[in-house]
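Now the structure itself:
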């Protein structure tokens with residue numbers, strides 16, 4: 216019972232509601248995709264359900280560039296700046312009764328996903344294809360969702376930085 | 002007729018290919034015996050049963066029949082132990098999308114051959130979910146294959162040395178791989194690496210140390226290499242405490258895990274098991290702290306009916322709100338015969354105790370499922 220009280224207390228007491236987690240492929244892969252989508256029997260390198268693997272950074276990049284065809288990738292990523300009408304959002308937020316002309320299968324399949332992680336994935340995806348950052352070295356611009364700064368990361372990927380409340384994106 | 006049923010069952014499972022797997026029951030430790038090795042051949046528990054384990058299988062079944070492999074119709078030579086498990090599941094899932102589905106979980110056979118004094122070779126082989134694009138080549142695999150030296154071959158205690166492909170002993174090793182301390186605690190489904198282990202089991206305590214490297218022979222479910230330690234002390238026949246630690250490294254991250262376990266057998270034939278694991282994940286310069294916990298209460302309602310009530314907690318990042326999940330599990334196990342188990346599983350899963358974070362509430366998940374398990 217003491218453990219239960221401790222666990223409940225942790226759940227209510229810990230953490231900040233300001234989500235400034237890095238929108239990098241490495242971070243998103245290891246903290247969200249690998250744990251939520253890449254159990255062995257699903258989108259792991261072991262099974263690669265439907266050709267997708269999300270358990271390592273290399274697997275994610277391979278999935279995005281080799282397994283997902285360009286038009287689908289474009290739909291999943293490049294056009295994903297307009298939720299909730301884009302496919303990735305549909306996959307993660309599909310509910311019974313929603314229009315589903317393409318027969319999309321709701322994901323994750325086995326458990327609910329924190330809405331904050333859904334938002335993180337959509338923002339990461341909206342920043343562009345991993346490895347495709349085209350900003351000039353050192354350049355920083357205002358980016359997705361308004362109060363954000365974007366620059367190129369070490370892996371030449373878009374890095375998203377949340378601007379603190381009251382701050383200016385510029 | 003029974004043999005025909007077995008053949009049909011194997012064929013059906015083979016045809017659909019396994020997707021999930023469950024293992025042994027740590028609920029039996031303390032509740033039925035002191036150590037895993039009192040009933041199992043492996044020092045980790047699970048898989049093949051020894052003579053005492055077969056007797057327990059018969060003793061907890063409603064209509065006990067011959068518990069031996071193939072009802073003793075097929076008797077292997079004394080140096081060879083054979084066994085196997087078939088499992089399938091069907092149910093209603095609302096996680097949160099509502100659907101009715103079913104799938105095979107496990108179709109595996111076990112063989113343990115004594116090849117010398119205290120020396121044995123163990124193989125677990127069967128069906129796995131095939132890899133996309135290489136289905137024919139990957140439908141069969143060997144989840145476990147290792148050489149083991151046992152100090153006292155005719156006793157369940159003493160020193161064990163293992164080398165090969167197996168899961169490092171780490172924590173309580175709950176049977177259901179969806180339990181948070183397994184799923185998020187470094188011992189997920191089908192993530193067996195190659196390793197070497199030195200393990201000592203006594204009735205009063207046990208220690209397991211494993212060094213392991215990722216399986217480079219296949220595209221494995223885990224890419225981690227590292228070391229794992231687990232020690233458990235049984236203060237009495239009704240009480241045990243354990244400590245665990247694991248450090249791993251992969252191309253993408255480094256993880257350090259540390260945890261505690263406890264088992265207490267309470268009056269009223271109730272076994273309470275608790276495990277808490279804290280994890281530090283370093284991804285480049287970013288560091289994430291996680292915690293996973295699971296409390297499982299089990300009670301034999303009759304000799305052949307076991308009820309589990311479990312509470313799980315996992316926070317993927319302690320720094321932020323809205324990323325923790327909670328699970329309430331209810332499992333009812335019925336053992337009608339020495340070889341058959343029917344199981345009702347129910348789970349309710351919340352995100353952040355269903356609180357709103359920044360005005361948004363995450364969905365609730367739940368499922369009701371029936372699982373059938375046949376032990377060869």
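Residue numbers (the numbering used here), protein chains in the order written: chain A, 216 to 385; chain B, 2 to 377. The C-beta atom is built at its ideal place from N, Cα and C for all residues, glycine as well.
- The contact set of residue 185 of chain B on chain A, defined by CB atoms closer than 7 Å, consists of 250 in chain order.
- By the CB criterion at 8 Å, residue 370 of chain B and residue 90 of chain B fall inside the cutoff.
- Of all residues in the region 267 to 289 of chain B, those with a C-beta nearer than 9 Å to a C-beta of chain A are 275, 277, 282, 284, 285, 287, 289, reading in chain order.
- Its chain contains 55 as the residues whose beta carbon lies nearer than 7 Å to that of residue 69 of chain B, once the 5 sequence neighbours on both sides are disregarded; these appear in chain order.
- The shortest CA-to-CA distance from residue 230 of chain B to any of B:222, B:240, B:213, B:236 is the one to B:213.
- Here residue 317 of chain A is exposed. Its C-beta has fewer than 16 other C-beta atoms within 10 Å.
- In this chain, residue 262 of chain A is not harboured by any alpha helix (DSSP H), its DSSP state being neither H nor E.
- Sequence-distant partners of residue 93 of chain B (beyond 5 residues in either direction) whose C-beta falls short of 7 Å from its own C-beta, in its chain, are 101, 368, 369.
- Bridge pairing for residue 227 of chain B: B:213, B:249 [DSSP].
- With a 10 Å radius around the Cβ and a threshold of 16 neighbouring Cβ atoms, residue 303 of chain B comes out exposed.
- Residue 339 of chain A is classed as buried because its beta carbon has at least 16 other beta carbons within 10 Å across all chains shown.
- In this structure, the CA atom of residue 247 of chain B is about 8 Å from the CA atom of residue 171 of chain B.
- In this structure, the beta-carbon distance from residue 46 of chain B to residue 174 of chain B falls below 8 Å.
- Here residue 149 of chain B is actually not in contact with residue 166 of chain B; their C-beta atoms are around 12 Å apart, not less than 8 Å.
- Look at residue 54 of chain B here: in three-state DSSP terms it is helix.
- The criterion of a C-beta distance shorter than 8 Å is satisfied by residue 260 of chain B and residue 277 of chain B.
- Shown here, residue 255 of chain B sits in a strand according to DSSP, grouped into three states.
- Interface residue (Cβ-Cβ distance to chain B less than 8 Å): residue 261 of chain A is classified as such.
- Here residue 166 of chain B is bridged, per DSSP, to B:146, B:195.
- Around the beta carbon of residue 369 of chain A, a 10 Å sphere encloses fewer than 16 other beta carbons of the protein chains shown; the residue is thus reported as exposed.
- Scanning chain A for C-beta atoms nearer than 8 Å to the C-beta of residue 350 of chain B yields 326, 327, reported in chain order.
- Residue 178 of chain B: not part of any alpha helix (DSSP H); DSSP gives it neither H nor E.
- Here DSSP, grouped into helix, strand and coil, assigns residue 250 of chain A to helix.
- Below the 9 Å Cβ cutoff, chain A contributes 253, 254, 255, 256, 259, 260, 261, 262, 270 as neighbours of residue 222 of chain B, in chain order.
- Counted as a single uninterrupted DSSP element, the stretch harbouring residue 334 of chain B is not any alpha helix (DSSP H) but the beta strand (DSSP E) occupying residues 325 to 335.
- If you ignore the 5 residues before and after residue 136 of chain B, its C-beta comes within less than 8 Å of no other C-beta in its own chain.
- Assigned with DSSP and collapsed to three states, residue 112 of chain B falls in strand.
- With a threshold of 16 other beta carbon atoms within 10 Å, residue 319 of chain A falls short and is exposed.
- Inter-residue distance for residue 273 of chain A and residue 240 of chain A is about 10 Å (C-alpha atoms, whole angstroms).
- Burial is judged here by how many other beta carbons sit within 10 angstroms of a residue's own beta carbon; residue 286 of chain B has fewer than 16 and is exposed.
- Going by C-alpha positions, residue 236 of chain A is about 12 Å away from residue 324 of chain B.
- Only residues of its own chain outside the window of five on either side were considered, and among them 224 have a CB closer than 8 Å to the CB of residue 252 of chain B, listed in chain order.
- Residue 275 of chain A sits buried, since 16 or more C-beta atoms from the chains shown fall within 10 Å of its C-beta.
- A buried status is given to residue 344 of chain B, since no fewer than 16 other beta-carbon atoms sit within 10 Å of its beta-carbon.
- Taking a C-beta distance under 8 Å as the contact criterion, residue 322 of chain A and residue 306 of chain A qualify as a contact pair.
- According to the DSSP assignment, residue 240 of chain A belongs to the alpha helix (DSSP H) that extends over 240 to 243.
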